[in-house]
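Trainee: Residue numbers (UniProt numbering): 1 to 234. Got a structure for you, questions after.
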């Protein structure tokens with residue numbers, strides 16, 4: 001029937017299989033007329049003749065092998081079904097857990113950013129207070145040196161004025177910083193920021209809105225702080 005039978009891949013038409021009539025015709029040539037007639041009249045005998053052909057047997061064997069292979073593969077897939085289903089459930093649970101962790105991360109990050117900003121302001125306040133104290137000590141040390149005759153009057157006046165100005169500015173900033181921290185942490189502060197309003201000046205100062213450093217409450221050409229009496233050292 002078929003010569004050089006090959007198992008073809010999906011999509012290949014049976015036309016690629018070559019018909020082999022020689023084997024079937026070789027059997028029919030040895031039959032007399034009565035046998036041919038009985039073969040013609042009996043469909044079962046004709047089927048038996050075809051099924052006895054070697055190539056037909058090969059096709060049947062290949063068919064059984066394919067069926068067995070497909071059955072084995074199907075049984076394997078069925079055996080993996082519980083694990084596959086469990087994997088889907090685990091994936092869904094892990095996805096939900098990841099979503100929860102992401103929300104927690106965003107919440108904690110927001111809290112961390114807030115605490116970092118607050119800590120930054122507190123650190124700035126501490127630095128301002130330290131700098132003001134150091135400047136105060138430097139001005140007192142300069143006054144002591146002048147009283148001891150270690151610094152001349154011109155140098156003392158020039159440096160002392162600058163130190164007192166610096167000390168006063170640092171103290172003003174340090175005094176205003178707690179109010180700024182409180183305003184930033186309050187809902188009113190957030191409301192003003194959202195509406196675009198600018199905070200007003202701090203009570204008791206002449207600071208204009210938007211000026212973060214402020215101006216000293218004395219004219220720039222005056223001497224802040226007490227100065228020693230220089231008349232006795234001239």
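Ideal placement from N, C-alpha and C gives every residue a C-beta, glycine not left out.
Look up residue 87 in the DSSP assignment and say whether it is helix, strand or coil.
Mentor: It is helical.
Trainee: Tell me which same chain residues have a C-beta within less than 8 Å of the C-beta of residue 177, skipping the five on either side of it?
Mentor: For residue 177, where only same-chain residues beyond five positions count, the Cβ hits under 8 Å are 121, 124, 125 and 128.
Trainee: Which stretch, first to last residue, makes up the alpha helix (DSSP H) that contains residue 165?
Mentor: Where residue 165 is concerned, the enclosing alpha helix (DSSP H) stretches over 153 to 185.
Trainee: Relative to the alpha-carbon of residue 142, which residue among 132, 70 and 156 has its alpha-carbon at the smallest distance?
Mentor: Considering only alpha carbons, the answer is 156.
Trainee: Taking the C-alpha atoms as reference points, what is the distance between residue 76 and residue 87?
Mentor: Roughly 17 Å separates the two Cα atoms.
Trainee: Answer with buried or exposed for residue 36, where buried requires no fewer than 16 other C-beta atoms within 10 angstroms of its C-beta.
Mentor: When all chains shown are included, residue 36 counts as exposed.
Trainee: Report, in whole angstroms, the separation of the C-beta atoms of residue 132 and residue 165, which I expect to be a contact under 8 Å.
Mentor: Their Cβ separation, rounded to whole angstroms, is 12 Å, which puts residue 132 and residue 165 out of contact at 8 Å.
Trainee: What's the C-alpha gap between residue 251 and residue 113?
Mentor: With the chain covering 1 to 234 only, the question about residue 251 has no answer from this structure.
Trainee: Got a sec? Which residues, its chain only, sit under 7 Å from residue 159 by beta carbon, not counting five neighbours each side?
Mentor: Taken in chain order, the residues that qualify are 142.
Trainee: For residue 323, which three-state DSSP category applies?
Mentor: The question about residue 323 has no answer here: the residues shown for the chain are numbered 1 through 234.
Trainee: Quick one: using the 10 Å Cβ neighbour count with 16 as the cut-off for buried, is residue 146 buried or exposed?
Mentor: Buried, since its Cβ has 16 or more Cβ neighbours within 10 Å.
Trainee: Specify the secondary structure class of residue 44 as computed by DSSP and reduced to three states.
Mentor: Residue 44: helix per DSSP, three-state reduction.
Trainee: Quick check on the burial criterion: 16 or more other C-beta atoms within 10 angstroms. Buried or exposed for residue 79?
Mentor: The residue is exposed, with fewer than 16 neighbouring Cβ atoms inside 10 Å.
Trainee: Roughly how many angstroms separate the alpha carbons of residue 105 and residue 98, rounded to a whole number?
Mentor: Looking at the two C-alpha atoms, the distance is approximately 10 Å.
Trainee: Nearest-angstrom Cα distance between residue 39 and residue 70?
Mentor: Cα to Cα, the separation comes out at about 37 Å.
Trainee: Quick check: what's the CA-CA separation for residue 90 versus residue 84?
Mentor: Each residue's alpha carbon lies about 10 Å from the other.
Trainee: Ignore the nearest five residues each way along the sequence and tell me which others in residue 316's own chain have a CB closer than 8 Å to its CB.
Mentor: Residue coverage of the chain in this structure runs from 1 to 234, which leaves residue 316 outside it and unanswerable.
Trainee: Can you tell me whether residue 57 is buried or exposed? The criterion is at least 16 other CB atoms within 10 Å of its CB, across all chains shown.
Mentor: Residue 57 comes out exposed.
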